[in-house]
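Everything on this sheet refers to the single structure shown next.
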Amino acid sequence: GKVSSFTSVYMSHTKTSTSKVTSRYIPQGPDRILDAPDIIDDYYLNLIDWNPRNVLAVALNKNVYLWDASSGKIEQLLTLEGTDYVCSVSWIQEGNVLAVGTSVGVTQLWDCNVLKRTRSMGGHSSRVGSLSWNSYILTSGCRSGQIIHHDVRQRDSVCGLKWSPDGRYLASGGNDNMLYIWPQVPGSSHSTSQPLHTFSQHQAAVKPLAWSPYQSHMLASGGGTADRCIRFWNCNTGVCTSTIDTKSQVCALQWSTTYKEIISGHGYANNELIIWKYPSMTRVTELMGHTARVLHLAMSPDGSTVLSAGADETLRLWKCFASDRLRRKRMKPQKKTFLHL
């Protein structure tokens, strides 16, 4: 039967693919595959986050697990009671506190050094599907359209939320197909109650949001099934600088910190990851393997590895941004249990 906890990992050593000619070697298979039983297949949730201490937080229904990618150690952080389930997780920048959004509208703070809950914050009337930190200010978005700091920001479900790296802008995407850019209040760590920019170009829900690590005012956003586009925004000028039709639902976006590239996770029909050269948006390669849509992406602290979480209940680690271009490892998939690493 299906294991009900985050307990096993598959070490995958894959052969080089010669189907594409690229400027560097990119393994065409995942470096590892981790079981993620009971991961919720819901476009509007944000269920993984990787902190600077190299610890991955994974939400599987009502449970949250912590995986230390350096040591392989895994710990169960929490189990929610009753029918409540986890809708979002987000690490503070220092990596010691995890925010957890729940289906009953509560946001919890956990001290992961001692595995203790330190605070529980209400205020939302529906599930908290998105979280983002700016310094010590936690911004949360829920299904009813609220973004707390206690201001109603959007009329429809907030499904994407990201502060810019320099803390100047907060981007929020909604189920009403709208994208808003909120400026930071000068001298504070929160945003104003009026948007600086309002973008309506997307034709479906705007969930994936990713700020460029190279230009802190550049934002990438992705649209749902009726849109399928990745759009790039200069938030200093309020201009959409480019648009690419990916031909499938855009579920997740993640910038590379080692290359001028961005990776996207997709739904039907190919359930693939695509690496794009930026700003030309030419395809570098496609990474296949998930048998259902790619719900979430997270980047390792060293920028070499992307973790993808799929509706097929697997987590896959892809060493697609390793800085050593001459590396040519040819290895075969090998199953290994998590408890015997």
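Going left to right, the sequence shown walks through residues -15 to 325 as this note's numbering numbers them.
We put the beta carbon where it would ideally sit given N, CA and C, even for glycine.
Source: prediction; values computed, not measured.
Return the CA-CA distance between Q138 and H186, expressed in angstroms with no decimal places. Residue placement at Q138 is flagged as unreliable, the pLDDT there being 46, under the threshold of 50; the coordinate-derived value follows with that caveat. Distance from the CA of Q138 to the CA of H186, rounded to the nearest whole angstrom, comes to 15 Å.
What's the call for E256, buried or exposed, on a 16-neighbour Cβ count within 10 Å? By the Cβ neighbour-count rule, E256 is buried, with 16 or more other Cβ atoms within 10 Å of its own.
According to DSSP, simplified to helix, strand and coil, what is N255? coil
Can you have a look at Y120 and say buried or exposed, based on whether 16 or more other CB atoms are within 10 angstroms of its CB? Taking all protein chains in view, the Cβ of Y120 is surrounded by fewer than 16 other Cβ atoms within 10 Å, so the residue is classified as exposed.
Please classify I66 as buried or exposed, where buried requires at least 16 other C-beta atoms within 10 Å of its C-beta. Note that residue 66 is Gly in the sequence shown here, rather than Ile. With fewer than 16 Cβ atoms within 10 Å of its Cβ, G66 is classed as exposed.
What separation, rounded to the nearest whole angstrom, lies between the Cα atoms of A204 and E297? 26 Å
For C219, which residues from the same chain have a beta carbon less than 6 Å from its beta carbon, with the 5 sequence-adjacent residues on both sides left out? Here C219 has Y153, I165, H201, L203 as same chain residues with Cβ atoms under 6 Å from its own Cβ, once five neighbours each way along the sequence are excluded.
Looking only at its own chain, which residues have a Cβ that is under 7 Å from the Cβ of A188, when we skip the five neighbours before and after it? N161, G207, G208, T209, A210, D211
In terms of alpha-carbon separation, which member of K244, T289, V278 lies closest to S232? Ranking K244, T289, V278 by Cα distance to S232 puts V278 first.
Given S196 as reference, the closest of S184, R215, H181, W94 once Cα atoms are compared: R215
Examine the Cβ distances between the stretch 51 to 58 and the stretch 91 to 102 and report whether three or more of them are shorter than 8 Å. no
To which residues does DSSP link D33 through a beta bridge? DSSP, once it has assigned bridges, lists A41 as partnering D33.
With burial defined as no fewer than 16 other Cβ atoms inside 10 Å of the residue's Cβ, what is the status of T123: buried or exposed? buried
In this structure, does DSSP put E59 in helix, strand or coil? strand
Residue interval of the beta strand (DSSP E) (run including D150): Looking at the DSSP string, D150 is not in any beta strand (DSSP E), and its letter there is neither H nor E.
The beta strand (DSSP E) with G206 in it runs from where to where? 202 to 207
How is the beta strand (DSSP E) around Q238 delimited, first residue to last? 234 to 239
For Y120, which three-state DSSP category applies? DSSP places Y120 in coil when its eight states are reduced to three.
With DSSP run on the structure shown, which of helix, strand or coil describes N326? Because the chain in this structure spans residues -15 to 325, residue 326 falls outside the shown range and cannot be described.
Do you know whose CA, among L31, E245, W239, Q130, lies nearest P149's CA? W239
Identity of the residue in E270, L31, I247 nearest G294 by Cα: L31
From I10, S110, N118, residue whose alpha carbon lies closest to that of Q130: S110
Among G158, K146, G125, which has the Cα closest to the Cα of D140? G158
Taking the straight line between their C-alpha atoms, what separation do you get for S104 and L163? 29 Å
Where does Y28 land, buried or exposed, given buried means 16+ other C-beta within 10 angstroms? buried
CA nearest to the CA of R16, picked from A83, S307, A306, T289: Of the residues A83, S307, A306, T289, the one whose Cα lies closest to the Cα of R16 is T289.
May I ask you to list the residues that DSSP assigns as paired with F326? Any answer about residue 326 is impossible in this case: the structure gives the chain only from -15 up to 325.
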